[in-house]
Amino acid sequence: MKKLLSGNEAIARGAWESGVRIAAAYPGTPSTEILETFAPMPGVYAEWCPNEKVALDVAIGAAYAGARAMAVMKHVGLNVAADAFFYASMTGTEAGLVIVSADDPDMHSSQNEQDNRRYARFARVPCLEPSDSQEAKDLVGAAFSISEEFDTPVMLRTTTRIAHSYTLVELGEPEVEDRPEPPSYRIDTGKYVMVPGNARRRHPVIEERMAKLARFAETFPYNQVEMNDRSLGIVTNGVAYQYAKEVFPEASILKLGMTYPLPKAMIQDFAAQVDRLIVLEELDPFIEEEIRLLGIQVEGKIIFPICGEFNPQVVRDRAIEAGLLPGSARVEVKEPEKGPLPPRPPILCPGCPHRGVFHVTNKLKLVVNGDIGCYTLGFLPPQAALHTCGCMGASIGVAHGVAKARIKERNAAVIGDSTFFHTGMPALLNTVYNQGHTITIVLDNRTTAMTGHQHHPGTGRTLQGEETVAVKFEHLARAMGIEEVHTVDSYDLKGVEEALRACLAQDGPAVIVARRECALLPEVRRQWLPLKVNEERCNGCALCFQVGCPALVKSQRLDEKTGRPKAWIDPLLCTGCEICAQVCAREAILFRAQLAGNGG
Amino acid sequence: MTKFDFLLVGVGGQGVLLASDILAEVGLKAGYDAKKAEVHGMAQRGGSVVSHVRWAEKVLSPLIGRGEVDYLLALEKLEALRYIEVLRPGGTVIVNDHRIPPVSVSSGGDEYPDDQRVRRVLSEVAGDVRFLPGVELARELGNARASNVVTLGALSQCLDVDLDIWLEVIAERVPEKYVELNHQAFLAGRRQL
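Chains as they are written, first to last, in this note's numbering: chain A, 1 to 600; chain B, 1001 to 1193.
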């Protein structure tokens, strides 16, 4: 049966068909749907971990114990998990271990662009790359075979465009039977205890493994030559293969399904048969550099960009500039003069609880060291309330450093609930231990919101829907020795302000848990109730517009005295959070209770 | 080679992704190869959303290059304007006549373009520009949020695909209790063009 699947869905299916029974991950765009698709499949165990390093350790443990296991993360997740990635390469595993790294060219939802094939080479781990969903599914199976044959973890690298494009996939059935009896744990300390003596003995084994894998790459069926017109030969990988086929239908192509280690003889042979050799690969000149090391003349990044994502147009335009295609190949584009257009960047949703907290940090003129999550968007005007964002968990350490360096203003760390569990906890411990007085605001919207509502250790549910302990931030903070701990409702502007003022008035480290469910959670959606503006009271002062809610727009009606447009609330967007109603100085925005009184 | 390249644009929360799901699946059922590309992440609602859907005997790139889109389907007017140059000169634009001003219009100095400007600019590129009151039609049927399917219904008039296929895919893609509403929404849009 054929089905339209995203690359992520195909990987989940491939994992199930390959007999993966244990998978672990931390949500991260563009990888999140892999575990969400895998978790409900029959006979599997899957979990969200607090971070990618823990997820990879869990998968490694499962593979040590003889179960095929998979860890899934976005590209920067592998930075967090890098320690584990390297030791797993050194030890190998008893059963197959695959690490899915979903890279994000063009940073659709990331803080930096990085090419994780560098990690594969760095840690001596083979790297496979699919060019569509069918290959994404098939390469999972190939990855497990390679992992077990060569005693190595295998990286399956996707990019956003593979992860989130839907293409046809032929579904198969699981190959592997469940183990009837749990096996005994096989103890092999020389292989699995990486103290210097053992590690020194392992390193040559790893180098030898890579040499064997390089020979294997020569016959790996997903490295494919398609000979056509020999005037141009294109070496390509991943989704760039699709662009190569579309833009250069006549060219000869060497498609690499395994990009580390490379099939050197195959490349040499291909290069010898074509007049001009180019590499078409997104991000780093990874394949290109390896080909140069073979002493072969090749062009790559001199033609195609390092930054951003490819598409047929980028590839075609650059190819025309480089003389690879005639000028007549250019696609006619008509660019009319549009006049200025207001941008529509991602923004805090209507009803977002973070908006209320940012309103107060602005009022108190705090410098805010932020973190990764929906609330990062608080940096945007009109609130412009968040002033740094680097990586997961950075806020608390950065805020501590800022405070230790001493500035005139007071500062606060702002971090989401899931991000706090991810890497915020050690940083908070550091603030306490080193006698910082930073205020840490945990924006607890009861979910991992930005990636699409995943559970985390604070929600009381696991990935597979089991009820579990709901860890409380207040308890953690107190256990770390913090005495100033407040819990407030993020929608209650007065309450948030009182808590912040109390924290500012004392000199120790403080934690405020600003709690309110994400407005998009299904149980909250059911309570949406659009507010209304009393047009007679509104004088167009525009104070409410400063909270930056998309549901609040300028009405067509102007105030007679001020001549300014009154406020209007779009009933299709408003959730009834009442943040704007609290901000309005003229009581012109009706609270929920008043709506009922007014007959709705 | 017969090919149909669609770009669907709108604002997060309007149902661009559901509309593109349906469209891709209809392509498959009509006997084409189909691919669909979209980007998740960042804000859930309120940002600009784009989805590429391609039908052909064999589809290669999941993304459509600029100037190659045959049908631009816009669930919001400003977004139609934002993406118009993706359209093949002479191609078709179908616009849900609905306005969602970005926050920079209320809190900053930005202006939402007026209808005259929207129509003029779209006509400079497109051979065929169709506006339909998707939100009003959907509201009349009882749920203004079905304007995505109304707009899809309008698009269906431009394509030679059996009505039954559309209705079947819609029934597969929406929760059971909303099938009737979405069928009505689709037909209302279909009658508009």
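In this text, a Cβ means the ideal position worked out from N, Cα and C, and glycines have one as well.
* Going straight from the alpha carbon of A:A82 to that of A:Y119, what length do you get? -> 8 Å
* To do: With DSSP collapsed to three states, give me the class of B:G1154.
  => Residue identity check: residue 1154 of chain B is Ala in the sequence provided, not Gly. If DSSP states are grouped into helix, strand and coil, B:A1154 belongs with the helices.
* Asked: What do you reckon, are the CB atoms on B:V1026 and B:V1174 nearer than 9 Å?
  -> no
* Asked: In this structure, does DSSP put A:C584 in helix, strand or coil?
  -> coil
* **Beta-carbon spacing of B:S1106, A:A385 below 9 Å** => no
* To do: From the DSSP output, in three-state form, read off B:G1065 for me.
  => coil
* For a contact meaning CB atoms closer than 9 Å, what does B:L1063 contact in chain A? -> R161, S165, V239, Q242, Y243, E309, F310, N311, P312, Q313
* Leaving out five residues before and five after A:L590 in sequence, what residues of the same chain have Cβ atoms less than 8 Å from its Cβ? -> L531, K532, V533, N534, A581, N598
* Name the residues in the region 544-566 of chain A whose C-beta lies less than 8 Å from a C-beta of chain B; which are they? -> F545, Q546, G548, C549, P550, L552, V553, K554
* To do: Give the straight-line distance between the Cα atoms of A:E52 and A:E173, rounded to the nearest whole angstrom.
  => Their backbone Cα atoms lie some 29 Å apart in a straight line.
* Beta-bridge partners of B:R1130, as assigned by DSSP -> B:I1094
* **DSSP bridge partner residues for A:Y45 (one or two, in chain order)** => A:I22
* Asked: What's the C-alpha gap between A:S165 and B:V1149?
  -> In a straight line, the C-alpha of A:S165 is about 22 Å away from that of B:V1149.
* Which value, in whole angstroms, describes the spacing of the CA atoms of A:R355 and A:N362? -> 11 Å
* A:Y260 versus A:D275 - alpha carbon distance -> 25 Å
* Answer with yes or no whether the minimum CB distance from B:R1190 to chain A is below 9 Å. => no
* Any C-beta of chain A sitting closer than 9 Å to the C-beta of B:I1084? -> Chain A contact via Cβ: present.
* To do: Could you run through the region 323-357 of chain A and flag, in chain order, every residue whose CB is less than 8 Å away from some CB of chain B?
  => V331, E332, V333, K334, E335, P336, E337, K338, G339, P340, L341, P342, P343, R344, P345, P346, I347, L348, C349, P350
* Closer than 9 Å, CB to CB, is A:L97 near chain B or not? -> no
* To do: Identify, in the order they occur along the chain, each residue of the same chain with its Cβ nearer than 6 Å to the Cβ of A:V20, setting aside the five sequence neighbours on each side.
  => R68, M70
* To do: Could you tell me which residues DSSP puts in a beta bridge with A:Y64?
  => Residue pairing of A:Y64 in beta bridges, as defined by DSSP: absent, with no partner found.
* Asked: Beta-carbon of A:V360 versus every beta-carbon of chain B: anything under 9 Å?
  -> No, because no Cβ of chain B sits closer than 9 Å to the Cβ of A:V360.
* So with Cβ pairs under 9 Å, would you call A:P381 a contact of chain B? -> yes
* Using the C-alpha atoms, what's the distance from A:K554 back to A:G600? -> Residue placement at A:G600 cannot be trusted, given a pLDDT of 40 that sits under 50; the coordinates are not used to answer.
* Report the rounded CA-to-CA distance for A:D57 versus A:E226, giving the unit in angstroms. => 40 Å
* In chain order, what residues of the same chain lie with their CB nearer than 7 Å to the CB of B:R1066, ignoring the 5 residues before and after it? -> E1085, V1086
* Asked: Roughly how many whole angstroms lie between the Cα atoms of A:A102 and A:A136?
  -> 12 Å
* Determine the direct distance from the alpha carbon of A:E474 to that of A:N434, and round the result to whole angstroms. => 20 Å
* **8 Å Cβ shell around A:G495 - same chain, five flanking residues per side excluded** => V488, D489
* To do: On a CA-only basis, which of B:L1081, B:V1121, B:L1063, B:P1089 is nearest A:P343? Give me that one, please.
  => Of B:L1081, B:V1121, B:L1063, B:P1089, the residue nearest in Cα terms is B:L1081.
* To do: Counting only runs of 4+ residues fully inside the region 475-521 of chain A, write out the alpha helix (DSSP H) ranges in chain order.
  => Qualifying alpha helix (DSSP H) stretches, in chain order: 493-504.
* Cβ of A:S418 less than 9 Å from any chain B Cβ? -> no
* B:Y1071, DSSP secondary structure in three states -> strand
* **Member of B:D1128, B:H1098, B:D1033 whose CA lies at the smallest distance from the CA of B:D1115** => B:H1098
* **Test: B:K1177 CB closer than 9 Å to a CB of chain A** => no
* Asked: What are the start and end residues of the alpha helix (DSSP H) that includes B:F1006?
  -> Premise fails: B:F1006 lies in the beta strand (DSSP E), 1003-1011, not in any alpha helix (DSSP H).
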